Structures are given as structure tokens and as C-alpha cells.
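First comes the structure, then the notes that go with it.
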Amino acid sequence: MYYIVYGFLYLISLLPFRVLYAISDFTGFILYRIVRYRKQVILNNLKIAFPEKSDAQRALICKQFYYRFTDNFVELIKLISLPVKAINRRFKRDHETIHALYNEGVSIDFVLGHFFNWEWCNLSYSYQNPYKQIVVYAHVSSPIAERLMQKIRGRFGTVLIDSKKFKEQFKPYINERKAFVLVADQNPRFLKSAYWLPFFGRLTPFAKGPDANSRLMNNAVVFCNIKRIKRGYYTTELKCITKAAGSFEKGEITLKTAALLENNIREDPPGYLWSHRRWKHTFTPDRDARNLLQTDQMNHSN
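Everything in the sequence shown is counted per this note's numbering, starting at 140 for the first residue and increasing by one.
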């Protein structure tokens, strides 16, 4: 069954972008107007994030989101066959920062959010990356979808590690110089041990693991700001937060990456994945006060 699905998607990926975007427009219209896919979740998230905007402004962001959301999927399918030259033309990387850090002999934690198109970002940076690029991902329940995502994401050699099997699968790479790609805005699996910090003005849980790993390994930490130039064209800005995370206090890296992600989203609100329930958890003082972070805890200046 996998080969049938893959063969079908491969043929779809050969279609020109104008046809794929026509498919995206139609699908976006269906999701927005008819299915109303997670529309209330999206609008609730936008109300939390942008209370200063009017209902009409948030409704427009919501509408634009649906079309960016479906663009993300057709662009993902296109990656199955898109030539390297086309990828490099459509997605601009910051080679200089990556190679400069590699030449300094440090491993990096490459942090980004669920910002379109993060899949293109992963694949683009994995091509001719001097580092061993490693991505921690959430396992997909469908075996066919899981295999497809592994094939697409690993096209240029990215190592994929299941978040639920992290310790076991990460062991072979502990002593290698690596670019460890982390999506910073995942809801934490273990709420009792999560950091809580202001994110769009609301206390929000963030997993402790990435922060702890960065400091333990004394890695460099780089935040990737994805910017959409126009449909099908992106560029990235890399901000090196530190070259030695071991000098940071607990939670400080999490505070900095969350602030950078919020800025990224504010610059282009429709480009963020608003359909997931980022604020489904509520801060409970008795449980969470010991893990509360505040912006005045950032001892290192930007």
C-alpha cells in the first residue's frame, strides 16, 4: 500500500507549481468555507495572541492561514521530486552562520517554530550541511504516513529521532558534531516538569528538555526566523543566541527562543500553525509556580 500511495504522490509532485497552488486554493476554500477545519480553535488562539486586533482583523488572519496551511501541504508533496537547484532558488539559507560555527568546532541546537514552511527549512538546511543534521519529531500513528514523512524529511541525509525513543536513538550521535533541529513550540509531554513563561501575554508551558540539553552539551544555540518572500519563496535569518549554552541559567535559553518565536509570528501572523491548541493548559500555582520563568531572568543581553 505504501508504494501505491508514494507513487501517486510522486506523480502529483511532478505537477508545476501553478497547478499545485490551484489545488491548494481549492482545498483551502473547502477547509475554510465548508469543513471549517478547527476554525474555532484558530479564532480562539488568535484572540489570545492578538487581543488588540478587531474581530475583522483576526477573521482575515484566519482566512489567510487556511491558504498558507494548504500551501504547506502541496509544498511538502513537491519536495518528493523538487530538484536541488529549485530548492536552493526558492529557499534561501544562511550558509555563513552555519559554516562559521562548524569551523569553531561547536555543535548547534537549531531552533524554530511551526512556521510555514518548516519542512522546506529542514530539507534545505540538510543539503550540504557540514553537520550531521538530526531532527526530533513526533511519531505519526499511520505506518504509511510515518514512512512517507521519513522519506521526505530524510532525502538529504537528515537523521530522524522519535521523541518517545530519544535516549535510545540519540546515543550513536552523542560524540558527533551535529545540528540538532528542535521545534520549540511543541506542547510538553510532562506538564509537571515544564517551564511556564509569558508567550503572547499568557503563561504557556514549554518543555525543559531542549534547554537542559543545550546547557549540558554546551552547544551553540541558533534561532531560525523563517520569512515568506512570496508564494513558494522563503528566506531565513539565523540569530546565534550563544556559542556556549553552558554559561546560561536554567530556562534562560527557553525564554530567549520563545521571545524570538513570538516576534517571528507577529511579523507575519498567517504564517504560524494556529490550528494546534497551544494554550490548552492552564497555569496552576500549586503545581507550576516552581517552574515559572520571567523575562527579567534573562541575564545575557541580546
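Even for Gly, the Cβ is constructed at its ideal location relative to N, Cα and C. This one's a predicted model, so the numbers in the text were calculated from it and none came from an experiment.
Across the set Phe212, Gly146 and Arg157, the C-alpha of Phe212 shows the shortest separation from the C-alpha of Gly167. Beta-bridge partners assigned by DSSP to Gln267: none are found. A direct Cα-to-Cα measurement between Phe230 and Tyr372 gives close to 6 Å.
Note that the region 242-256 touches the region 400-415; at least 3 beta-carbon pairs, one per stretch, sit closer than 8 Å.
Three or more beta-carbon pairs drawn from the region 267-282 and the region 236-251 are found closer than 8 Å, and the two stretches are therefore classed as touching. Sorting Val144, Met140, Asn184 and Gly146 by C-alpha distance to the C-alpha of His420 places Asn184 at the top. The alpha carbon of Val274 has as its nearest neighbour, out of Leu330, Ala383, Met288 and Tyr145, the alpha carbon of Met288. CA-CA distance, Tyr266 to Phe295, rounds to 6 Å.
The continuous stretches of beta strand (DSSP E) do not include Ala239, which lies in the alpha helix (DSSP H) extending over residues His234 to Asn242. Cβ neighbours of Trp335 within its own chain (closer than 6 Å, five residues either side excluded): Leu342, Pro344, Phe422, Asp427, Asn430 and Leu431. Around the beta-carbon of Asn402, fewer than 16 other beta-carbon atoms lie within 10 Å, marking it exposed. Judged by pairs of C-beta atoms under 8 Å, the region 311-325 does not touch the region 364-384, as fewer than three such pairs exist. Ile169: not part of any beta strand (DSSP E); DSSP gives it neither H nor E. Ile226 sits in a helix when the DSSP states are folded into three classes. By the beta-carbon neighbour count (other beta carbons within 10 angstroms, threshold 16), Gln196 is exposed. Shortest Cα-Cα distance from Lys378 to any of Ile237, Lys304, Lys192 and Leu215 involves Ile237.
Where Leu399 is concerned, the enclosing alpha helix (DSSP H) starts and stops at Glu391 to Glu406.
When DSSP states are grouped into helix, strand and coil, Ile365 belongs to the strand group. Straight-line spacing of the CA atoms in Val158 and Ile226 works out to 18 Å.
Leu394 and Met356 have their alpha carbons spaced roughly 19 Å apart. Asp425 and Ala188 have their C-alpha atoms roughly 25 Å apart. Going by C-alpha positions, Ile219 is about 6 Å away from Tyr149. Of Gln308, Asp194 and Ser263, the smallest CA-CA separation from Arg292 is found for Ser263.
Annotated as proximal: Ile181 and Phe204, with beta-carbon spacing under 8 Å.
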